[in-house]
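One structure below.
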Amino acid sequence: SLSPSWRFHLYQVAKGLRFRSLVYRMQNLSEIENMTVGGIGGLVEVSIMQSTNYWKNAKQQGLPFTLDPRVTYRGYVSNCVNFVSCTVWQFGVNGVIKKSITGGKIRKLSAGEEIFAAVGAGATSAILCSPLELIMIQQQRKGGSFMSAISGINSKGMSMWRRGFLMTAGREGVYTGGYLGVTPVIRSGIQEAFPDWNEEICRLLGSIAGGLFACYLSHPADTIKTCIQGDIEGSRFSTHLGTAKVLFEQGGIFAFYRGAPWRLFRQIGGIFILDKIRVSLSPILFPHAF
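Just so you know, we're using the working numbering here: the sequence shown kicks off at 7 and counts up by one.
Structure representation (structure tokens):
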């Protein structure tokens, strides 16, 4: 008979094979099913990680640090609407792009295909998240309700709703490329190379890699966007190029990475949460696809 260590090894290998089969079969999910999983994941992520988003925005805009949840959870509702709707969009569009790549066949996508689909899903989601983040940032700076923030933005003219859109598209493309592209690719690669490793360890390593990719490549765009959307009056930050010039004069290249540690912490945690929910919840909610 096999020794306990061999039995454990074979169990882990079988578990890894089942997991890879499960990931491939996630391509069976419809757009609505993908969007449902994304919405749940987005709500959980925001509820847990909201404070880190405030601390990141505060650092970028030179606001004081606080642990007061009455301050750090300002804009929570708008952030929920923002993150949930954007995650729903990203999960749904990511599925559409993947199906167009495979022609509806179930097969393993290449790393490039996974990341291409994720980046496309993220960049297009700026249509939703750019105006919603504008509302949230105005609430964080000035307090007040969701509707009062909208009224304040409208008072500056309808063109304000385009403020920061291009930087948001670039940031979301890279961020989504991290959590829906890089993380699954690296997690799967680790599991194939080390089939007896614990699934959560592989997910954590993939989340760290995806978080580093998403954070440091996209953070300059995020800093410019946050500054522009926080200053709708245009007293310091009026255009993308003008904002970049002011930031560089203030602190050189490092000024574009203000708040990066908070954003990295949030993204590693958020990517872990989203990947865990996507893989674990999908078979429970939609068993017919598996």
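We put the beta carbon where it would ideally sit given N, CA and C, even for glycine.
Only a predicted model underlies this, so the values are computations on that prediction, with no experimental measurement involved.
Check: Inter-stretch contact at 8 Å, needing at least 3 Cβ pairs: the region 115 to 127 / the region 162 to 174; Outcome: no
Check: Residue from Ala-155, Glu-39 and Arg-284 with nearest C-alpha to Val-102; Outcome: Glu-39
Check: Span separating the alpha-carbon of Thr-58 from that of Gln-197; Outcome: 30 Å
Check: Lys-6 - containing alpha helix (DSSP H), residue span; Outcome: For residue 6 there is no data in the structure shown, the boundaries of the chain being 7 and 296.
Check: Assigned secondary structure, Leu-223 (DSSP; H/G/I helix, E/B strand, else coil); Outcome: helix
Check: Where Val-19 sits in the DSSP three-state scheme; Outcome: Annotation note: pLDDT 49 at Val-19 (below 50); position unreliable, no value reported.
Check: At least 3 beta-carbon pairs within less than 8 Å: the region 103 to 117 vs the region 64 to 71; Outcome: no
Check: Selection from Lys-231, Gln-146 and Tyr-185 that minimises the alpha carbon distance to Met-166; Outcome: Lys-231
Check: Supposed contact pair Arg-209 and Phe-278 - C-beta distance, whole angstroms, cut 8 Å; Outcome: 6 Å
Check: Ile-112, DSSP secondary structure in three states; Outcome: coil
Check: Expected contact under 8 Å - CB spacing of Ile-133 and Gln-235 to nearest Å; Outcome: The Cβ separation is near 15 Å, so there is no contact.
Check: Inter-residue spacing [alpha-carbon to alpha-carbon] between Ala-261 and Leu-253; Outcome: 6 Å
Check: Alpha carbon of His-294 to alpha carbon of Glu-37, nearest angstrom; Outcome: 15 Å
Check: C-beta contact flag for His-225 and Ala-266 at 9 Å; Outcome: yes
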